[in-house]
Structures are given as structure tokens and as C-alpha cells.
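Visitor:
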Amino acid sequence: MKGVATMDNKTKVEKFSAALVDKLFVDETEEEQEIIAYGLTVVCTTIGSFLAIIFLSGLVGITPLAITAAVSASIVKLFSGGVHAANFRTCATISAIIFTTIGWFSYHADSLIIIENNLLLGLVFLSGTYILYLYAPADVEEKPLDSVKKKSKAKIHSILIFSCLNLVFLILSLNQVASSYILAGLLGMLWTLFSTTPVAYKLFNRQYIRRCD
Amino acid sequence: MKGKKVIAKVLTKVAHKSSSCTSGISLYEPKVPKALKKDK
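Residue numbers (my numbering), protein chains in the order written: chain A, 62 to 274; chain B, 44 to 83.
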């Protein structure tokens, strides 16, 4: 059998992607199939995680808040990195639980004074920038960043993106957008920041890769 | 087929982009294939 589907030690979603690519893209070379299968795995796991979040948060009736938290967290994570679950099932389950909880909390806690006067925004900005300065980019075993230049670039980008998101939330807050959405976004980002720390790696039982710079 | 080519192109682009950024959006990170490690 030709192609990527023959490779061992793959997760179910990777096997599914490889098998699908083997069937659909017969004319491509093995190397191209491998790349397409990886792309398909990334798409499938992302869609799967978001569907899990939509499903669970839908049961509680706070889907928009959970999605706000998930999207904010994802944008920061693209640059800051952070801990990952060992397999897709754990990933989807944890994502659904975490972001639904954030959404639920934001829905019920939006009237707290700390949110109304933007104190939380300031606190998140200061603590977040410090955490990113200390730990970003947080590597994962599956995709380590081996160049110091790339690492420092990712650190700067993560702090910039984080600052931009904070600014967006400040503008939204000043424009009287519902504070539950601001809170959901801030808590989503806080979750990503936490995921870059060694404590999160220990909690997920993953290897923390020390920075070499 | 044209549709297949477009899908292949999009997925290849996703793979290249994803392998060069720090992390995927989801909490699960598939192993980067050897073919993509050549990019780095």
C-alpha cells in the first residue's frame, strides 16, 4: 500500500487523515501526501475542538461567550505556544469543558465591579505581559522551536498580539459592549497564558521544554 | 479534477503555515511530518 496511511504510532485522527489522503490524492508523491495529511489533521482537530465547544456550551446556552473565549485564547496561542493534550479526544474534551466554564462564569459574573471599571483589563495586561516575557514561546515536544531567532521573534509577536487584543477589549469596553464578552475574552487569554507555564505542563503530564535563550 | 487540486493546495498551505508557527489552535498538536521539517 502506497502512502502515509501505512505509518505506525499515529493517533486515530492522523490515521483517518492519512487514509483519506491516500484515497483522494493518489497522484501526489508520498511526501506531498504526508504534508496534505498533516494539513488535514490540523483542520480536523481544530474543527473538532470547536464543535465540541459549541456542543457543550450550547447545552448551557452560552455558545457566543464560549466561542469568544476560545477565539481569544487561540489567537494568543498561535504565537505564545503552550501545553497541548496528548491526543485529540483529551484535547476536545478539555477545550469544551474549559471554554464552557469560562463562558458560564462570564455570563454570571459580568456585573462585578472589577470588570466594570476596567481594573481586570489592566491586571490581565500587566500579568499577561510578564508571563509572556517569562515563558513565551512555550514549546511542545511535537513541534519544538529550535532557533533562538525564531523564539525571540515569537516572544515579541506574542506580546504584540496580546497587547493588541487587550486594546481591542478596552475599545469594546469603552463602547459599552456587554461586559460578559470582555470578561470571556480576557479569561480565554488568561487560560492560554497559564498554558505556557511549567505548572500547566505538569498538570497535563507533558514534558516542559526549557528555553535555551 | 480542479476541486481536488484546490483542496490539496489549501491543505498544503495550512500544513506549511501550521508547522512554522508556535502552536496549533486546538489543544492537540499532531507531529510535524519529516517532509515539512525540511522547511525549517
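Note that beta-carbon positions come from the ideal geometry of N, C-alpha and C, so glycine has one too.
In this text, all values refer to a predicted model and were calculated from it rather than measured experimentally.
Keeping to the same chain, check which residues put their C-beta closer than 7 Å to that of residue 168 of chain A; ignore five residues upstream and five downstream.
Guide: Counting from one through the first sequence, the residue named residue 168 of chain A turns up at place 107. The answer, listed in chain order, is 123, 126, 241.
Visitor: So is residue 65 of chain B buried or exposed if we call it buried at 16+ other beta carbons inside 10 Å?
Guide: Numbered from 1 along the second sequence, position 22 holds the residue referred to as residue 65 of chain B. Confidence at residue 65 of chain B is low in this model, with a pLDDT of 48, below 50, so its placement is unreliable and no value can be given for it.
Visitor: DSSP puts residue 261 of chain A in a beta bridge; with which residues?
Guide: By 1-based counting over the first sequence, the position of residue 261 of chain A is 200. DSSP output for residue 261 of chain A lists no bridge partner at all.
Visitor: At 9 Å on the CB atoms, spell out the chain B contacts of residue 260 of chain A, in chain order.
Guide: Here residue 260 of chain A is taken as the residue at index 199 of the first sequence, counted from 1. For residue 260 of chain A, none of the residues of chain B pass the 9 Å Cβ criterion, the least Cβ distance being about 16 Å.
Visitor: Using the C-alpha atoms, what's the distance from residue 97 of chain A back to residue 104 of chain A?
Guide: As a working mapping, residue 104 of chain A is identified with position 43 in the first sequence. As a working mapping, residue 97 of chain A is identified with position 36 in the first sequence. Answer to the nearest angstrom: the Cα atoms are 11 Å apart.
Visitor: Just how far apart, CA to CA, sit residue 118 of chain A and residue 133 of chain A?
Guide: The residue you call residue 118 of chain A lines up with position 57 of the first sequence. The residue you call residue 133 of chain A lines up with position 72 of the first sequence. Their backbone Cα atoms lie some 16 Å apart in a straight line.
Visitor: Check distances from the C-beta atoms of the stretch 47-61 of chain B to those of chain A and list, in chain order, the residues that come in under 7 Å.
Guide: 47, 51, 54, 55, 57, 58, 61
Visitor: Whole angstroms is fine: what's the gap from residue 226 of chain A's alpha carbon to residue 145 of chain A's?
Guide: The residue labelled residue 226 of chain A in the question sits at position 165 within the first sequence. The residue labelled residue 145 of chain A in the question sits at position 84 within the first sequence. Answer to the nearest angstrom: the Cα atoms are 22 Å apart.
Visitor: Got a sec? Which residues, its chain only, sit under 8 Å from residue 218 of chain A by beta carbon, not counting five neighbours each side?
Guide: As a first step, residue 218 of chain A is located in the first sequence; it is residue number 157 there, counting from the start. The residues are 140.
Visitor: Could you compute how far the alpha carbon of residue 183 of chain A sits from the alpha carbon of residue 244 of chain A?
Guide: Working through the first sequence from its first residue, we reach residue 183 of chain A at position 122. Working through the first sequence from its first residue, we reach residue 244 of chain A at position 183. Near 12 Å, if we compare the C-alpha coordinates of residue 244 of chain A and residue 183 of chain A.
Visitor: For residue 194 of chain A and chain B, any beta-carbon pair shorter than 8 Å?
Guide: Mapped onto the first sequence, residue 194 of chain A falls at position 133. Answer no: the Cβ-Cβ gap between residue 194 of chain A and chain B never drops below 8 Å.
Visitor: Could you spell out the range, first to last residue, of the alpha helix (DSSP H) harbouring residue 125 of chain A?
Guide: Sequence index remark: in the first sequence, residue 125 of chain A carries index 64 (1-based). From DSSP, the alpha helix (DSSP H) with residue 125 of chain A extends over 124-141.
Visitor: Taking only runs that begin and end inside the stretch 220-252 of chain A, name each unbroken alpha helix (DSSP H) of 4 or more residues, in chain order.
Guide: As far as the stretch 220-252 of chain A is concerned, it has no whole alpha helix (DSSP H) run of at least 4 residues.
Visitor: CB residue 253 of chain A to CB residue 76 of chain A, shorter than 8 Å?
Guide: Counting from 1 along the first sequence, the entry for residue 253 of chain A is found at position 192. Counting from 1 along the first sequence, the entry for residue 76 of chain A is found at position 15. Going by C-beta atoms, residue 253 of chain A is not nearer than 8 Å to residue 76 of chain A.
Visitor: How close, in whole Å, do the beta carbons of residue 158 of chain A and residue 131 of chain A come, if the pair is a contact with beta carbons under 8 Å?
Guide: Locating residue 158 of chain A in the first sequence gives position 97, counting from the first residue. Locating residue 131 of chain A in the first sequence gives position 70, counting from the first residue. That pair is no contact at about 12 Å.
Visitor: Mind checking residue 259 of chain A: buried by the 16 CB within 10 Å criterion, or exposed?
Guide: If you number the first sequence from 1, residue 259 of chain A lands on position 198. The residue is exposed, with fewer than 16 neighbouring Cβ atoms inside 10 Å.
Visitor: Please name the residue, chosen from A:78, A:71, A:86, that lies closest to residue 47 of chain B on a Cα-to-Cα basis.
Guide: As a first step, residue 47 of chain B must be located in the second sequence, where it is residue number 4. Nearest option by C-alpha distance: A:86.
Visitor: Just to check my reading of the structure: residue 74 of chain A and residue 106 of chain A have Cβ atoms closer than 8 Å, yes? What is that Cβ distance to the nearest angstrom?
Guide: Looking up residue 74 of chain A in the first sequence gives position 13. Looking up residue 106 of chain A in the first sequence gives position 45. 6 Å between Cβ atoms; contact.
Visitor: Between the alpha carbons of residue 80 of chain A and residue 156 of chain A, how many angstroms are there, rounded?
Guide: Within the first sequence, the letter at position 19 stands for residue 80 of chain A. Within the first sequence, the letter at position 95 stands for residue 156 of chain A. Straight-line Cα distance between these residues: approximately 26 Å.
Visitor: Just reading off the alpha helix (DSSP H) that residue 162 of chain A is part of, what are its end residues?
Guide: Against the first sequence, residue 162 of chain A aligns to sequence position 101. Residue 162 of chain A -> alpha helix (DSSP H) spans 149-170.
Visitor: Mark residue 83 of chain A as exposed unless 16 or more other C-beta atoms lie within 10 angstroms of its C-beta, in which case mark it buried.
Guide: For the purposes of this step, residue 83 of chain A is identified with residue 22 of the first sequence, where counting begins at 1. The residue is buried, with at least 16 neighbouring Cβ atoms inside 10 Å.
Visitor: Closest to residue 55 of chain B by C-alpha separation, out of A:91, A:88, A:92, A:100, would be which residue?
Guide: As a position in the second sequence, residue 55 of chain B is number 12, starting the count at 1. The residue with the shortest Cα to Cα distance from residue 55 of chain B is A:100.
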